[in-house]
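Novice: Residue numbers (the numbering used here): 1314 to 1792.
Structure below; questions to follow.
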Ligand code: 9WN
């Protein structure tokens, strides 16, 4: 459903805010999407393009779902952690057993987690990928708990998830600190969640692509080739994933791609804080978590901050240098509570400056530098605006007191999420929709932002809004 923006009488220098009726309409439309994408235990990002459970998608989905169906939000996170490996890693995909192998590539037959991953403690009862995605989960768990503490306590939600969350954080902190500086490294571009960000072009250039005859892309069945990664990049993703699998997902073997990503590590730091909150709520000592959070923020600043660009950059561990590309991941440390005020202020200025243009040429945050020759407003993560990035940046701006920019971004995100048919991503200037429609995290995060608008107006509590539709038990067949 597409909704029309209805506005309150705003000051001329202000973006018109959604009315209460509009915010409610957005929540209703988003609830329908989340109902349709629910499989019975979790939510698929998109019925056709992504018919399994993805790790960071589930965390974002839970953040929205908590307002509509808190028990389902808790289930979403629990079902993901049910596929956690014994070494603590949370796989980036948990495959749905009823979906045919050809529906998504690379599927379970490629990753072979239940055989190749046994040395690292992959579950035998579920097939998963062997790489990870950004750790948004402790933050999501904390927000889910806060929205329904009584239900959460009744289910023992935090008590049940605390150790798995801790094991996940330890895997990233201990096993994945390949650079030895207190940050987690990613070993595949997909681990950043921002798959073909131009930041990865340089480290990817040393990876020989897999033979294109050896695999068949399923994503091109559902999306326009001009929006998706190129065949060359895809060949390199496949080669890197196959090499990790053939090393039996051993993190001590040398990797051709190893970088410290500021977005991933910002979420890790935010999760340190969330774990401290969770520990506190469980009556445990939270000082260790708080100390880790402080140390992580210091490591981020020491290893990834570039005073010249006013942005955080990824560090390539092959030559131990910062990668020059300016990506939206470099803005995400805004969500770290302990970030010094001067750094947050500088990031805010970078965001509204010429490289990201927020409030100037752009009303959503571009995923990549507007001035870079490689900027492409339509192609996956090379320029388009994504709703999870908008949600994180909005949260960070609010945390550091940049309320006016946060309000404008929230207004745009709520409005265009529904207006675009809950598109996967948008052209950051024209706001034209790209990728899948009825995309789960777009819907979920629109709910979260619209509910915040309603809350500020003292409007009807979310509990009065309809819950998503009943469980959809069947998944679509493959192509
Ligand atoms: C690979 C599911 C995922 C998101 C990622 C996004 C995209 C997959 C792909 O879709 O990645 O994991 O096939 O392109 O880049 O952020 O989690 O929505």
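Positions of the beta carbon are idealized from the N, C-alpha and C atoms, including for glycine.
Computed from a predicted model, the values in this text were never measured in an experiment.
Please classify residue 1796: is it buried, with 16 or more other beta-carbons within 10 angstroms of its beta-carbon, or exposed?
Specialist: Outside the displayed span of the chain (1314 to 1792) sits residue 1796, for which this structure offers no information.
Novice: Do you know offhand how far residue 1333's Cα is from residue 1773's?
Specialist: 9 Å
Novice: Quick one: give me the first and last residue of the alpha helix (DSSP H) that residue 1611 is part of.
Specialist: 1600-1617
Novice: Heavy atom of the ligand 9WN less than 8 Å from the Cβ of residue 1422, yes or no?
Specialist: no
Novice: Give the secondary structure of residue 1544 by DSSP, where H, G and I count as helix, E and B as strand, and everything else as coil.
Specialist: helix
Novice: For the alpha helix (DSSP H) holding residue 1658, just list the boundary residues, first then last.
Specialist: 1654-1665
Novice: Quick check: does the Cβ of residue 1409 come within less than 8 Å of any heavy atom belonging to the ligand GDP?
Specialist: As far as ligands go, the structure on display features the ligand 9WN and does not contain the ligand GDP.
Novice: Mind reading off the beta-carbon distance from residue 1378 to residue 1386? Whole number of angstroms is fine, and I expect it under 8 Å.
Specialist: Taking 8 Å as the upper bound for CB-CB distance, residue 1378 and residue 1386 are in contact here, some 4 Å apart.
Novice: Can you have a look at residue 1331 and say buried or exposed, based on whether 16 or more other CB atoms are within 10 angstroms of its CB?
Specialist: buried
Novice: Could you say which of 1459, 1678, 1536, 1684 lies nearest to residue 1587 if we only look at CA atoms?
Specialist: Among 1459, 1678, 1536, 1684, the Cα nearest to that of residue 1587 belongs to 1459.
Novice: Whose CA, out of 1680, 1658, 1581, 1360, lies closest to the CA of residue 1532?
Specialist: The candidate whose alpha carbon is nearest that of residue 1532 is 1360.
Novice: Could you check whether residue 1661 and residue 1647 sit closer than 9 Å to each other, using their CB atoms as the reference points?
Specialist: Yes.
Novice: Do the region 1483-1496 and the region 1517-1530 touch if we need at least three Cβ pairs shorter than 8 Å?
Specialist: no
Novice: Under a three-way DSSP split, which group does residue 1374 fall into?
Specialist: helix
Novice: Starting from residue 1768 and walking both ways along the alpha helix (DSSP H), at which residues does that stretch end?
Specialist: First-last of the alpha helix (DSSP H) with residue 1768: 1753-1769.
Novice: Mind the definition here: the region 1734-1741 touches the region 1675-1684 only if three or more C-beta pairs lie below 8 Å; say whether that holds.
Specialist: yes
Novice: Compute the Euclidean distance between the alpha carbons of residue 1451 and residue 1706, then round it to the nearest angstrom.
Specialist: 18 Å
Novice: Do the region 1532-1552 and the region 1461-1481 make contact, defined as three or more Cβ pairs closer than 8 Å?
Specialist: No, they do not touch.
Novice: If I measure Cβ to Cβ from residue 1337 and keep anything under 6 Å in the same chain, skipping five residues before and after, which residues do I get?
Specialist: So no residue of the chain qualifies.
Novice: Ignore the nearest five residues each way along the sequence and tell me which others in residue 1551's own chain have a CB closer than 6 Å to its CB.
Specialist: 1523, 1528
Novice: Does the distance between the C-beta of residue 1602 and the nearest non-hydrogen atom of the ligand 9WN fall short of 8 Å?
Specialist: no
Novice: Identify the residues that DSSP records as bridge partners of residue 1359: which are they?
Specialist: 1363
Novice: Return the CA-CA distance between residue 1374 and residue 1753, expressed in angstroms with no decimal places.
Specialist: 7 Å
Novice: Can you name, in chain order, every residue of its own chain whose Cβ lies under 7 Å from the Cβ of residue 1499, other than the five neighbours on each side?
Specialist: 1505, 1572, 1574, 1577
Novice: So the alpha helix (DSSP H) residue 1458 belongs to, where does it begin and stop?
Specialist: 1450-1460
Novice: Run through the DSSP bridge pairs and tell me what residue 1624 is partnered with.
Specialist: 1619
Novice: Would you identify the three-state DSSP class for residue 1640, choosing helix, strand or coil?
Specialist: strand
Novice: Classify residue 1473 as buried or exposed, calling it buried when 16 or more other Cβ atoms lie within 10 Å of its own Cβ.
Specialist: exposed
Novice: Between which two residues does the alpha helix (DSSP H) containing residue 1477 stretch?
Specialist: 1470-1483
Novice: For residue 1347 and residue 1457, which I take to be in contact (beta-carbon distance under 8 Å), what is that distance rounded to the nearest angstrom?
Specialist: No, residue 1347 and residue 1457 are not in contact; Cβ-Cβ is about 14 Å, not under 8 Å.
Novice: Look up residue 1687 in the DSSP assignment and say whether it is helix, strand or coil.
Specialist: Here residue 1687 sits in coil by DSSP.
Novice: Tell me whether residue 1421 is buried or exposed, calling it buried when 16 or more other Cβ atoms sit within 10 Å of its Cβ.
Specialist: buried
Novice: CA-CA distance, residue 1517 and residue 1620?
Specialist: Going by C-alpha positions, residue 1517 is about 26 Å away from residue 1620.
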